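Residue numbers for the sequence shown, in our numbering: 8 to 227.
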Amino acid sequence: MKPSGKILTTCGIIGGIVLMCANAIVHVGTGMTGENPDTGWAAMPSALCGISELLALIGAVGLLMGCIGTHLAVRETCGAKMQTFSLLPVIGIVGMPLFHGNINCIEPLIYQVLVGHGSTDIYADMDAVISGSFAPVDLLILVTFYLQLVVLLYGTLSGRFRAPKWLIVCNPIVFLILGVILSNVLPSSVSGIALGMRNLGESLMYLMPLAYWKKKSADR
């Protein structure tokens, strides 16, 4: 049985929202980010780290399904080069739980251990080493997702997806900028919102191929 493109892309939207929640429970409401921790992590229940990682895994599965749904739409409407670009995010999605596990699990738990030993002086050095080791994974995620974004923008602006052109604003770049603006306007307790907004953009960009599948379903 051929998988439903509409269901797959809908799962992609849901997956991105779940991933945003995975970031929110650790980074929003504690007044810090991985680069600028404070006592928020010290008081945070360590179980939240495990819950966050579980949500990240669920979110990654949803994004993977969305990627497949997008590829099926691209395969029906675009050439070979765009079809290849639409598959590359699979590589980045596999790396998402690893990167998420670092910023939302490893770093908070290390910080709590250091607090328990009475000093967090070496945290900055440890953060630099850990973040540096995961930097290639983050770069891979960004590159592959933005290649997919190029495909989605092409499919929408060219009319191949038959999607409303205003949907091009539903992308991680726009939402990351919005998140940065909000993080400078809202109280410091939501300073981690920018990362979550990027996830929301990664989620909503699947509205473009979803519009294609809805139009195709309506034509039958």
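We treat Cβ as the ideally placed atom computed from N, Cα and C, and that holds for glycine.
Please read all numbers here as calculations on a predicted model, not as lab measurements.
Identify whether residue i lies in helix, strand or coil by the three-state DSSP scheme.
i, result
"T127", "coil"
"P52", "coil"
"G41", "Because the pLDDT of G41 is 49, which lies under 50, any placement of that residue in the model is unreliable, and the question is left without a value."
"N30", "helix"
"R82", "helix"
"N178", "coil"
"G166", "coil"
"S11", "coil"
"R205", "helix"
"L159", "helix"
"P171", "coil"
Kindly say whether residue i, judged by its beta-carbon, lies nearer than 8 Å to any beta-carbon of chain C.
i, result
"L160", "Of the protein chains in this structure there is only one, and it is not chain C."
Please classify residue i: is it buried, with 16 or more other beta-carbons within 10 angstroms of its beta-carbon, or exposed?
i, result
"N30", "buried"
"T91", "exposed"
"R205", "buried"
"D134", "buried"
"V176", "exposed"
"L164", "exposed"
"V157", "exposed"
"A87", "exposed"
"L61", "exposed"
"A54", "exposed"
Suppose the cutoff is 8 Å on Cβ atoms and the five residues either side in sequence are ignored; what does the same chain contact list for residue i look like?
i, result
"L149", "G99"
Below 7 Å CB to CB, which residues in the same chain sit around residue i once its five sequence neighbours on both sides are set aside?
i, result
"G73", "L15, T16, C18, G19, I20, G22, Y213"
"F106", "F141, V144, D145, I148"
"S5", "No answer is possible for residue 5: the residues shown for the chain start at 8 and end at 227."
"V97", "L71, C74"
What whole-angstrom Cβ distance do residue i and residue j have, given they're in contact under 8 Å?
i, j, result
"G208", "F182", "3 Å"
"N109", "I137", "6 Å"
"A218", "P171", "7 Å"
"V230", "A49", "For the chain, the structure presents residues 8 to 227; residue 230 sits outside this window and is missing."
"L95", "L154", "5 Å"
Quick one: residues in its chain with C-beta nearer than 6 Å to the C-beta of residue i, no 5 flanking neighbours on either side, listed in chain order?
i, result
"T77", "S93, P216"
"I24", "S210"
"R82", "Q90"
Query raised in the report: Fully enclosed by the region 99–128, which alpha helix (DSSP H) runs are 4 residues long or longer?
Result: Whole alpha helix (DSSP H) segments, 4+ residues: 114–123.
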